[in-house]
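Q:
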Amino acid sequence: TPNTKFYTREEVAKHNHSSDLWFIINNRVYDVTKFSNHPGGEEILLEQGGRDCTQEFEDIGHSRDARDLMLQFKIGEVVQEDETEEDRCELTEVSESDSSSGSWRSWLIPIALGVLATVVYRYFIKAH
């Protein structure tokens, strides 16, 4: 968009303190200084301050709501010369079905382990 402000990675790197905290996700720059209620805690944000944390953000599997919430913290984008090719994807590319299937998958292993533990307990431990 014509009103988009652009920042270099070097410029973003200077904003890495709790009183002035920026980072990059998918070539977009976010000022999260006032985002004190991050579910993972302020420490997580401070660890990522001033750097590109696209990989960490995507690895966590943030929900659609988290991605929507980020829009209010976006202050600009990385200058084209500093963009990384793998980060050109859109933050909002995750569809509702992807988001809900991610949630479902995150519960699959704990449920399977619970069922397995119950079976082992009932048939092997209780039987003896």
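Quick note: the sequence shown uses the working numbering, first residue 968, plus one each step. Heads up, the beta-carbon is just placed ideally off N, CA and C, and yes, glycines get one too.
Using a 10 Å radius around the Cβ and a threshold of 16 neighbouring Cβ atoms, would you call T1021 buried or exposed?
A: buried
Q: Can you tell me whether DSSP reads E1025 as helix, strand or coil?
A: helix
Q: Put R995 into one of helix, strand or coil per three-state DSSP.
A: strand
Q: Taking Cβ positions, are F1040 and G1016 nearer each other than 8 angstroms?
A: no
Q: Do you know offhand how far I1076's Cα is from I1027's?
A: 16 angstroms
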